């Protein structure tokens with residue numbers, strides 16, 4: 001039966017992909033509940049319909065926790081990749097709930113956190129910047145002769161920025177072992193792709209930079225895994241920067257506050273039929289790669305894990321206001337406002 | 001190392017005087033020898049040695065892994081420097097003329113300066129390059145850029161005025177775990193008057209510490225960069241008139257050595273701020289505010305300033321000379337203030 005497994009994966013690999021997909025969806029669904037309960041600070045971003053893109057891509061890389069593995073720059077719509085790279089569920093909830101215990105101590109949002117040992121760096125909101133930053137991270141791999149590759153996610157919108165061009169061009173010129181993951185989900189906030197580019201497919205941009213590129217069905221986790229595996233192999237072999245376009249559709253608004261009224265509902269229903277988890281699950285059952293009850297057990301396990309992690313985060317404290325002055329510099333103290341101190345001495349700050 | 005070190009970088013070793021530019025070259029070179037994680041990126045810095053030749057001979061000595069010629073993309077390579085710094089490297093980025101730093105404004109202010117605060121770790125990188133007018137460079141080869149970045153918490157800004165300080169400050173900047181914007185006045189690069197014999201030792205000048213260039217009791221001039229020298233000239237003129245002027249060179253603009261400013265103002269009771277940068281939103285405003293907050297009772301006169309005029313930097317000599325603050329302007333303002 002093993003010869004029927006796809007893409008050189010074994011049964012455990014397929015189950016791991018399934019678990020990561022389920023975990024991503026369960027974590028985001030848990031966030032929606034938390035937001036309705038008033039626990040979430042700020043925006044909430046879903047990757048509904050895009051889970052296979054981040055999961056398949058991250059699974060194709062070498063993930064370690066000792067600072068020697070491959071490297072990820074995630075986005076809000078690539079939480080699946082973040083989890084596969086070792087991002088902890090509880091940290092995910094702590095970040096969204098701006099807890100003092102979160103990796104950024106409540107100073108930054110959602111997936112915007114880093115772990116250099118596990119190999120991921122969270123984005124800043126101008127996402128094109130991450131092309132530049134990842135060019136430098138992967139440049140360091142090249143300069144040190146390390147066999148590591150980097151992967152950066154970004155969407156249709158970031159592809160229009162100057163930072164995207166400058167970062168990509170730099171990486172291409174330096175032959176940095178970097179894989180660009182284009183989340184071609186057809187919208188930048190409310191703007192359809194046609195407002196951002198004249199090309200039909202983002203891979204058409206690749207020849208202009210002298211880099212390799214592939215376009216793949218982003219709802220098919222196996223196809224994504226295979227495409228990224230090939231790209232990683234090329235990058236690792238010294239062929240330089242690569243691009244993989246994930247073709248799919250953002251089935252929800254930019255964030256929860258966006259009702260997506262600008263999208264034809266029929267289109268949303270159409271893409272719901274291509275749900276990456278439903279499709280993968282059906283394929284696993286059809287091919288006998290797994291039994292229905294074990295997939296169900298995985299779903300129940302990850303949903304319980306999300307609930308437990310969320311409850312833990314809820315119970316943890318928010319930061320204290322005066323902590324806002326910490327860590328601006330490594331060695332310069334930022335003063336508190338004198339109007340917030342017991343003394344009325346204006347010379348305090 | 002001596003055999004392979006380019007001759008022109010051994011002047012201090014030979015006890016010969018160096019220009020400010022040579023002092024910078026020596027400083028960067030010595031840091032690259034001391035720490036193999038230090039590397040350079042910028043436009044035309046390799047074979048050409050940089051527009052002003054600060055890195056002449058570096059490529060041959062360190063190779064193209066550590067002296068990297070980049071595309072003309074200040075945002076791209078400054079952002080890449082940030083990524084390299086995340087990985088423990090210590091990039092020194094050259095902006096060919098600081099006027100061209102604008103494309104990197106996004107990554108510097110949104111990414112680099114916020115890194116530590118966002119929990120993304122320290123950001124040990126230096127962004128350095130030539131600034132300043134007086135060379136008939138026109139609007140795009142003459143600007144001072146400090147105030148575009150002064151409003152950015154997390155960033156340090158350094159602006160040396162002497163060869164000794166330039167070498168000591170660039171070394172401190174490279175060793176600092178915070179991002180440093182390092183401005184080098186091109187009019188001072190090869191100014192003969194600034195040539196001096198530097199200590200043949202591994203000295204540093206700490207960031208955040210001003211220097212009292214000249215002591216005085218009647219009024220304080222706070223300044224930095226090329227204006228230090230014009231202010232000293234003015235102080236000498238006024239000395240002949242019996243006015244005793246203290247001149248303070250900030251050396252580091254951010255964080256500012258408030259203690260040095262306040263301490264001096266409390267002694268002299270009068271403050272004149274002199275900067276080559278344009279007037280509105282210039283650093284004089286911030287200094288005046290701090291003195292108002294902390295030394296109001298000690299003031300015996302208004303806080304005044306001498307600055308460039310609020311205009312782009314003009315090209316023609318007569319225009320540029322009018323645009324820039326001159327020694328006579330400093331003399332006039334200081335004399336007026338001394339009259340209070």
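Residue numbers (this note's numbering), protein chains in the order written: chain A, 1 to 349; chain B, 1 to 340. A virtual CB, placed ideally from N, CA and C, is assigned to each residue, including glycine. These numbers come from a predicted model, not from an experiment.
Which residue comes first and which comes last in the beta strand (DSSP E) that contains residue i?
{"i": "residue 142 (chain A)", "result": "That residue, residue 142 (chain A), is in no beta strand (DSSP E); its alpha helix (DSSP H) goes 129 to 143."}
{"i": "residue 71 (chain A)", "result": "71 to 73"}
{"i": "residue 248 (chain B)", "result": "245 to 249"}
{"i": "residue 182 (chain A)", "result": "178 to 184"}
{"i": "residue 213 (chain B)", "result": "211 to 214"}
Counting only C-beta atoms, is residue i closer than 9 Å to chain A at any point?
{"i": "residue 65 (chain B)", "result": "yes"}
{"i": "residue 103 (chain B)", "result": "yes"}
{"i": "residue 158 (chain B)", "result": "no"}
{"i": "residue 118 (chain B)", "result": "yes"}
{"i": "residue 68 (chain B)", "result": "yes"}
{"i": "residue 413 (chain B)", "result": "Residue 413 (chain B) lies beyond the stretch modelled for chain B, which goes from 1 to 340, so this question has no answer here."}
{"i": "residue 32 (chain B)", "result": "no"}
{"i": "residue 111 (chain B)", "result": "yes"}
{"i": "residue 24 (chain B)", "result": "no"}
What would DSSP say about residue i, mapped onto helix, strand or coil?
{"i": "residue 24 (chain A)", "result": "helix"}
{"i": "residue 1 (chain B)", "result": "Because the pLDDT at residue 1 (chain B) is just 48, under 50, the model does not fix this residue reliably, and the value given afterwards should be weighed accordingly. The answer is coil: DSSP assigns residue 1 (chain B) none of H, G, I, E or B."}
{"i": "residue 191 (chain A)", "result": "strand"}
{"i": "residue 124 (chain A)", "result": "coil"}
{"i": "residue 202 (chain A)", "result": "helix"}
{"i": "residue 320 (chain A)", "result": "coil"}
{"i": "residue 2 (chain A)", "result": "Note that residue 2 (chain A) scores 48 on pLDDT, short of 50, meaning its location in the model is unreliable and no value can be drawn from it."}
{"i": "residue 68 (chain B)", "result": "strand"}
{"i": "residue 153 (chain A)", "result": "strand"}
{"i": "residue 335 (chain B)", "result": "helix"}
{"i": "residue 47 (chain A)", "result": "coil"}
{"i": "residue 211 (chain A)", "result": "coil"}
{"i": "residue 165 (chain A)", "result": "helix"}
{"i": "residue 278 (chain B)", "result": "strand"}
{"i": "residue 398 (chain B)", "result": "Only positions 1 to 340 of chain B appear in the structure, and residue 398 (chain B) is not among them; the question remains open."}
{"i": "residue 185 (chain B)", "result": "strand"}
{"i": "residue 171 (chain B)", "result": "helix"}
{"i": "residue 288 (chain A)", "result": "coil"}
{"i": "residue 260 (chain A)", "result": "coil"}
{"i": "residue 97 (chain A)", "result": "coil"}
{"i": "residue 227 (chain B)", "result": "helix"}
{"i": "residue 88 (chain A)", "result": "coil"}
{"i": "residue 156 (chain B)", "result": "strand"}
{"i": "residue 265 (chain A)", "result": "helix"}
{"i": "residue 281 (chain A)", "result": "helix"}
{"i": "residue 308 (chain B)", "result": "strand"}
{"i": "residue 240 (chain B)", "result": "helix"}
{"i": "residue 244 (chain A)", "result": "strand"}
Roughly how far, in whole angstroms, is the beta-carbon of residue i from the beta-carbon of residue j, given that I think they are within contact range, below 8 Å?
{"i": "residue 21 (chain A)", "j": "residue 55 (chain A)", "result": "5 Å"}
{"i": "residue 184 (chain B)", "j": "residue 103 (chain B)", "result": "That belief does not hold up - the Cβ atoms of residue 184 (chain B) and residue 103 (chain B) are roughly 20 Å apart, past 8 Å."}
{"i": "residue 97 (chain B)", "j": "residue 68 (chain B)", "result": "No, residue 97 (chain B) and residue 68 (chain B) are not in contact; Cβ-Cβ is about 19 Å, not under 8 Å."}
{"i": "residue 218 (chain A)", "j": "residue 246 (chain A)", "result": "3 Å"}
{"i": "residue 57 (chain A)", "j": "residue 81 (chain A)", "result": "6 Å"}
{"i": "residue 308 (chain B)", "j": "residue 277 (chain B)", "result": "6 Å"}
{"i": "residue 325 (chain B)", "j": "residue 313 (chain B)", "result": "Actually they are not in contact, since the Cβ atoms of residue 325 (chain B) and residue 313 (chain B) sit about 13 Å apart, beyond 8 Å."}
Which residue comes first and which comes last in the alpha helix (DSSP H) that contains residue i?
{"i": "residue 149 (chain B)", "result": "146 to 149"}
{"i": "residue 321 (chain B)", "result": "317 to 323"}
{"i": "residue 294 (chain B)", "result": "283 to 295"}
{"i": "residue 33 (chain B)", "result": "20 to 34"}
{"i": "residue 39 (chain A)", "result": "Here residue 39 (chain A) belongs to no alpha helix (DSSP H), and DSSP marks it neither H nor E."}
Decide if residue i is buried, meaning its Cβ has at least 16 other Cβ atoms within 10 Å, or exposed.
{"i": "residue 10 (chain B)", "result": "exposed"}
{"i": "residue 164 (chain B)", "result": "buried"}
{"i": "residue 8 (chain B)", "result": "exposed"}
{"i": "residue 289 (chain B)", "result": "exposed"}
{"i": "residue 180 (chain A)", "result": "buried"}
{"i": "residue 257 (chain A)", "result": "exposed"}
{"i": "residue 341 (chain A)", "result": "exposed"}
Does the beta carbon of residue i come closer than 9 Å to any beta carbon on chain B?
{"i": "residue 107 (chain A)", "result": "yes"}
{"i": "residue 159 (chain A)", "result": "no"}
{"i": "residue 192 (chain A)", "result": "no"}
{"i": "residue 189 (chain A)", "result": "no"}
{"i": "residue 122 (chain A)", "result": "yes"}
{"i": "residue 125 (chain A)", "result": "yes"}
{"i": "residue 5 (chain A)", "result": "no"}
Interface positions of the stretch 131 to 154 of chain A facing chain C (Cβ-Cβ less than 7 Å), listed along the chain
Here the protein chains are A and B, and chain C is not one of them.
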